[in-house]
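Chemist: If you scroll down you'll find the structure; I have some questions about it.
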Amino acid sequence: MKSGRGEEKVSPSAYADPIYRISKLASSARKPLSVSPDTKLEEAVTHMLTNDFSQLPVMTSGRDVKGVITWTSIGSRLAMGKNCSVAREVMEQHHEIRSDASLFSAISIIAEHQYVLVRGHDQKITGIVTASDLSLQFQQLAEPFLLLGEIENHVRRVISQRFTPTELESAKDPTDSKRVVTSVADLTYGEYIRLLENPERWDKLNITVDRKTCIEKFENVRRIRNDVMHFDPDGIPEKDLTTLREFARFLQRLHIIDVINV
885 MKSGRGEEKV SPSAYADPIY RISKLASSAR KPLSVSPDTK LEEAVTHMLT NDFSQLPVMT
945 SGRDVKGVIT WTSIGSRLAM GKNCSVAREV MEQHHEIRSD ASLFSAISII AEHQYVLVRG
1005 HDQKITGIVT ASDLSLQFQQ LAEPFLLLGE IENHVRRVIS QRFTPTELES AKDPTDSKRV
1065 VTSVADLTYG EYIRLLENPE RWDKLNITVD RKTCIEKFEN VRRIRNDVMH FDPDGIPEKD
1125 LTTLREFARF LQRLHIIDVI NV
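When you line the sequence shown up against the working numbering, it's residues 885 to 1146, in that order.
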């Protein structure tokens, strides 16, 4: 949806539910493989090995969960000398959460048990969320913010070493006359660009990389930064995340070269 000024606007329906529910994770809607209580232990173990599972639900129907098998539940019984031959003999109490629950309410359960089963509105088990799923999700949520923070810190470091307070003041938005700029921390990201797009100031960086290309990269990062700070419920596209990663690596290399040459 576009506004009259050509800026993309997010439909209000995208924010109809501001809670980050566990149902947003793909694994919560991926029906888990399960076995019956009378399944041979060898078959259950084979399923776990071939699928790289750490947990395997024991169920009699899509709604009725009898327990769950884990490597710990198997190993503890073997260590005690128990002669187990079927799934019911090695299963333990399962842990579950409703699909409309907040993702954050599942954290303590997953941290303690390494998984949680997800039960849908129709009372069927719709998926299983593991510690690996949770780690990946938090990486996807946090990585754009961390990359943007790293990029901005790199830029601030370079600017603070090359420009005087007077030069920094000159980069300030002219419409914001009341704001005082005494250090690079007082500038906005857009003002970093205004400072560096000037050829004479760019030369003060003393780096042999193309100014125009770098400014285009800075502008692209600014666009992505605006999207991230608007907290789009669907996150940012993978191509934008790749752009942030690549630009952060570029600045890392410049930092390494700068340190070596000092």
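Every residue gets a Cβ at the ideal spot worked out from N, C-alpha and C, and that includes glycine.
Helix, strand or coil for Y1073? Go by DSSP, reduced to three states.
Modeler: helix
Chemist: Assuming the contact rule is C-beta atoms closer than 8 Å, E1103 and I1077 should be a hit. Round their C-beta distance to whole Å, please.
Modeler: 7 Å
Chemist: For I906 versus V1064, is the C-beta distance shorter than 8 Å?
Modeler: no
Chemist: Pairs of beta-carbons, one from the region 1035-1046 and one from the region 1008-1025, closer than 8 Å: are there three or more?
Modeler: Because the criterion of three Cβ pairs below 8 Å is not met, the region 1035-1046 and the region 1008-1025 do not touch.
Chemist: Based on the DSSP secondary-structure assignment, which residues constitute the bridge partners of S986?
Modeler: R905
Chemist: Taking the DSSP output, what are the residues bridged to P941?
Modeler: V952
Chemist: Alpha carbon to alpha carbon, what distance is there between R1109 and E891?
Modeler: Confidence at E891 is low in this model, with a pLDDT of 46, below 50, so the placement of that residue is unreliable and no value is reported for it.
Chemist: Quick one: give me the first and last residue of the beta strand (DSSP E) that R1003 is part of.
Modeler: Y999 to R1003
Chemist: Verify the CB distance criterion: does R1041 have a CB-CB separation below 8 Å to chain C?
Modeler: Here chain C cannot be found, since the structure has a single protein chain.
Chemist: Can you tell me whether L1079 is buried or exposed? The criterion is at least 16 other CB atoms within 10 Å of its CB, across all chains shown.
Modeler: buried
Chemist: Whole alpha helix (DSSP H) runs in the region 1065-1132 with 4 or more residues, listed along the chain?
Modeler: 1073-1080, 1083-1087 and 1095-1113
Chemist: Among K966, I1035, A990 and I1099, which one has its Cα closest to the Cα of A1132?
Modeler: I1035
Chemist: Are the Cβ atoms of D1027 and L1125 separated by less than 8 Å?
Modeler: According to the sequence provided, residue 1027 is Glu. The question's Asp does not apply to it. A contact, by the Cβ cut-off of 8 Å.
Chemist: Do you know offhand how far I1091's Cα is from H1139's?
Modeler: 11 Å
Chemist: Extract the residue ranges of the beta strand (DSSP E) inside the region 991-1051, only unbroken runs of 3 or more that lie entirely within it.
Modeler: Given a length threshold of 3 residues, each whole run of the beta strand (DSSP E) inside the region 991-1051 is given here in chain order: 999-1003 and 1009-1014.
Chemist: Going by the DSSP bridge assignment, what does I981 pair with across the sheet?
Modeler: V1002
Chemist: Taking the straight line between their C-alpha atoms, what separation do you get for L987 and S969?
Modeler: When rounded, the distance between both Cα atoms is 36 Å.
Chemist: Reducing DSSP to helix, strand and coil, say where V974 ends up.
Modeler: coil
Chemist: What first and last residue would you give for the alpha helix (DSSP H) that runs through A928?
Modeler: L925 to N935
Chemist: I'd like to know whether the C-beta atoms of G1011 and H978 end up nearer to each other than 8 Å.
Modeler: no
Chemist: Using 10 angstroms around the beta-carbon of A928, count the other beta-carbons present and answer buried if the total reaches 16, otherwise exposed.
Modeler: Its Cβ being crowded by 16 or more others within 10 Å, A928 is buried.
Chemist: Please report the straight-line C-alpha distance between P1083 and E1075, rounded to a whole angstrom.
Modeler: 15 Å
Chemist: Leaving aside the five residues before and after R982 along the sequence, list all residues of the same chain whose C-beta is less than 6 Å from its C-beta, in chain order.
Modeler: R1003
Chemist: Which one of F1022, K1088, D936 and R1107 has the shortest CA to CA distance from Q1045?
Modeler: K1088
Chemist: Taking all protein chains shown into account, decide if L962 is buried (16 or more other Cβ within 10 angstroms of its Cβ) or exposed.
Modeler: exposed
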